[in-house]
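For reference, the structure is listed below as structure tokens.
Residue numbers (our numbering), protein chains in the order written: chain A, 1 to 87; chain B, 1 to 434.
Next comes the structure, spelled out in structure tokens:
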């Protein structure tokens, strides 16, 4: 009970990774997202977005993930995104 | 406010527009005017000055682009991501600002056309903030909030919120005040909301010989936390929710899942339990239960603990999204299992023929994030739409081609297609460059 569906989870993990709340997978290091890690990432995303911090991929959180937005990550430092690119 | 960590070494910056929106009703001159005022908003609050300088050498090149536009960060059509900009730096692309040309760009200072499009001025102010060295802010009043919040009023009157003004001033200093001009009010800084960085990555080590992903014949396939894991012998490949393979090279199963027996040759089936998110591995007559990547004390357990007959080997296991129940398969029979109750449902096993269109002896089955269920055997796979128990027409299809980025012969080179998102096989992009 309370566990998000596969679709919700996939969408959530994809979104959280894309915007820097979860580290991107590293081919040289095998690491699985822990349940706690996912919850922390969701909580951080909710805090950043001004939502209630539940750690749960609820409807309001998923709706916020559907909002139009800038494509830069919210949390920088997990990658060199938008920094080291050739024109 | 939050800084990106990079800053322009000069305070006079040049900008130019390389391309204009194609479908928008905004005239070119108005686009340039809006961009001018968007930059001016940052200039009004800091010591920065901006000069429009046509040519490719400008510090800030503005483009309206669609989909893949050769910077590695494709746009996604209408909605979702609207624009992005590159932080300051020494690279040619540093400072460049790109808008998704598939958005309907409008200028709607009074917010009278809600739903008619996206206000270019509001987005431009935000993106230029990145181009000048600011990162996203969690402050609701900040223009650097990552979410589009609608128009921000007339461009020529716009003033940055105090947080953003302070953010740019700490990078470039304050603008010289004119005689008699009042300095802007200073905001009270808030606690930064930034998580710890992930731990350092280990150094690379040589790998032992690995199986060929293009040969398929996977031993087990599982959807775990939204990612698909393809297991073969002692290795696995990992596919992200957007259908990207994390690497074309497989990882070693035992270096990831700590606690599997050292002498195992292959994994028969894997699934993530629906009641507690634990991950269950089947090897021979036993199963191992993992919390994340570590085995639970007490493992392994005999398969009979699940209520399955002795002698059964679970060849395939998956949770059917249609009813939340777990299904175990062996050759031409299957059992329905209730993870919450911890027992096999009455009336099982049943014949595999109830799942129309698939052969016996399946390698494994997954529920995917498009709501469909996929059955794998050998080099082929079948799709069952939604709650259907009949394979979709047009199947089986090639698993190596549609899932493993292999084309033609079983050992052909990968040819990644466009980034996924359609949920259809064949889409996606491999993270590995070669």
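Think of the CB as a built atom: it goes at the ideal place given N, C-alpha and C, for glycine as much as any other residue. It should be emphasised that the depicted structure is a prediction, and the values quoted were computed from it without experimental measurement.
For the beta strand (DSSP E) containing residue i, name the first residue and the last one.
{"i": "residue 40 of chain A", "result": "That residue, residue 40 of chain A, is in no beta strand (DSSP E); its alpha helix (DSSP H) goes 35 to 49."}
{"i": "residue 402 of chain B", "result": "From DSSP, residue 402 of chain B is part of no beta strand (DSSP E) but of the alpha helix (DSSP H) over 399 to 403."}
{"i": "residue 296 of chain B", "result": "First-last for residue 296 of chain B: undefined, no H or E at that position."}
{"i": "residue 336 of chain B", "result": "333 to 338"}
{"i": "residue 345 of chain B", "result": "Looking at the DSSP string, residue 345 of chain B is not in any beta strand (DSSP E), and its letter there is neither H nor E."}
{"i": "residue 100 of chain B", "result": "97 to 100"}
{"i": "residue 356 of chain B", "result": "First-last for residue 356 of chain B: undefined, no H or E at that position."}
{"i": "residue 75 of chain A", "result": "Segment: none, residue 75 of chain A is in no beta strand (DSSP E) and carries neither H nor E."}
{"i": "residue 229 of chain B", "result": "227 to 232"}
{"i": "residue 3 of chain B", "result": "Premise fails: residue 3 of chain B is in no beta strand (DSSP E) and is neither H nor E."}
{"i": "residue 237 of chain B", "result": "235 to 239"}
{"i": "residue 14 of chain B", "result": "12 to 17"}
{"i": "residue 220 of chain B", "result": "220 to 224"}
{"i": "residue 103 of chain B", "result": "Taken as a continuous stretch (DSSP letters only), residue 103 of chain B belongs to no beta strand (DSSP E), as it is neither H nor E."}
{"i": "residue 61 of chain B", "result": "60 to 65"}
What is the DSSP secondary structure of residue i, counted as helix, strand or coil?
{"i": "residue 145 of chain B", "result": "coil"}
{"i": "residue 123 of chain B", "result": "helix"}
{"i": "residue 214 of chain B", "result": "helix"}
{"i": "residue 12 of chain A", "result": "helix"}
{"i": "residue 21 of chain A", "result": "coil"}
{"i": "residue 252 of chain B", "result": "strand"}
{"i": "residue 156 of chain B", "result": "helix"}
{"i": "residue 131 of chain B", "result": "helix"}
{"i": "residue 32 of chain A", "result": "coil"}
{"i": "residue 61 of chain A", "result": "helix"}
{"i": "residue 118 of chain B", "result": "strand"}
{"i": "residue 139 of chain B", "result": "coil"}
{"i": "residue 81 of chain B", "result": "strand"}
{"i": "residue 49 of chain B", "result": "strand"}
{"i": "residue 68 of chain A", "result": "coil"}
{"i": "residue 412 of chain B", "result": "Residue placement at residue 412 of chain B is poorly supported in this model, since its pLDDT is 34, which falls under 50; the coordinates are not used for a value here."}
Output, in chain order, the set of chain A residues within a Cβ distance shorter than 9 Å of residue i.
{"i": "residue 235 of chain B", "result": "Going along chain A, no residue has its Cβ under 9 Å from residue 235 of chain B, so there is no contact; the nearest lies around 11 Å."}
{"i": "residue 292 of chain B", "result": "32, 33, 34, 35, 36, 37"}
{"i": "residue 299 of chain B", "result": "Going along chain A, no residue has its Cβ under 9 Å from residue 299 of chain B, so there is no contact; the nearest lies around 17 Å."}
Sorted by chain position, which residues of the same chain lie with C-beta nearer than 8 Å to residue i's C-beta, five sequence neighbours on each side aside?
{"i": "residue 283 of chain B", "result": "260, 261, 264, 266, 267, 268, 300"}
{"i": "residue 251 of chain B", "result": "235, 236, 237, 238"}
{"i": "residue 256 of chain B", "result": "236, 293"}
{"i": "residue 43 of chain B", "result": "49, 50, 175"}
Output the boundary residues of the alpha helix (DSSP H) element that contains residue i.
{"i": "residue 246 of chain B", "result": "Looking at the DSSP string, residue 246 of chain B is not in any alpha helix (DSSP H), and its letter there is neither H nor E."}
{"i": "residue 31 of chain B", "result": "28 to 45"}
{"i": "residue 166 of chain B", "result": "162 to 172"}
Give the residues of chain B in contact with residue i, contact being defined as C-beta atoms less than 8 Å apart.
{"i": "residue 55 of chain A", "result": "Correct list: empty, because the minimum Cβ distance to chain B is about 13 Å."}
Mind pulling the chain A residues with CB within less than 8 Å of residue i?
{"i": "residue 83 of chain B", "result": "70, 71"}
{"i": "residue 127 of chain B", "result": "70"}
{"i": "residue 1 of chain B", "result": "Chain A residues near residue 1 of chain B: none, gap ~13 Å exceeds 8 Å."}
{"i": "residue 323 of chain B", "result": "Simply none; closest approach about 12 Å."}
Run down chain B in chain order and give the residues with a C-beta less than 9 Å from the C-beta of residue i.
{"i": "residue 59 of chain A", "result": "What residue 59 of chain A touches in chain B: nothing, since even the nearest Cβ is about 17 Å away."}
List, in order along the chain, the chain A residues whose C-beta lies closer than 7 Å to that of residue i?
{"i": "residue 371 of chain B", "result": "7"}
{"i": "residue 118 of chain B", "result": "68"}
{"i": "residue 242 of chain B", "result": "14"}
{"i": "residue 367 of chain B", "result": "6"}
{"i": "residue 140 of chain B", "result": "50"}
{"i": "residue 79 of chain B", "result": "68"}
{"i": "residue 223 of chain B", "result": "6"}
Once you ignore the five residues that flank residue i on each side, which residues in its own chain have a CB closer than 6 Å to its CB?
{"i": "residue 163 of chain B", "result": "1, 139, 142, 187"}
{"i": "residue 8 of chain B", "result": "88"}
{"i": "residue 14 of chain B", "result": "51, 53, 58, 59"}
{"i": "residue 219 of chain B", "result": "231, 232, 266, 267"}
{"i": "residue 85 of chain B", "result": "97, 127, 130, 131"}
{"i": "residue 135 of chain B", "result": "2, 4"}
{"i": "residue 19 of chain A", "result": "73, 74"}
Residues in the same chain with beta-carbon distance under 7 Å from residue i, minus the five sequence neighbours each way, listed in chain order, please.
{"i": "residue 332 of chain B", "result": "351, 352, 360"}
{"i": "residue 312 of chain B", "result": "303, 330"}
{"i": "residue 48 of chain A", "result": "74"}
{"i": "residue 64 of chain A", "result": "49, 51"}
{"i": "residue 291 of chain B", "result": "278"}
{"i": "residue 286 of chain B", "result": "300, 301, 302, 303"}
{"i": "residue 154 of chain B", "result": "109"}
What does residue i touch in chain B if you count any residue whose Cβ is under 7 Å from its own?
{"i": "residue 42 of chain A", "result": "What residue 42 of chain A touches in chain B: nothing, since even the nearest Cβ is about 12 Å away."}
Could you give the uninterrupted runs of the beta strand (DSSP E) lying entirely in the stretch 262 to 336 of chain B, keeping only those of 3 residues or more?
269 to 272, 279 to 283, 286 to 291, 316 to 319, 326 to 330
Would you mind listing the alpha helix (DSSP H) stretches within the stretch 362 to 388 of chain B that are 4+ residues and don't spill past its ends, in chain order?
none
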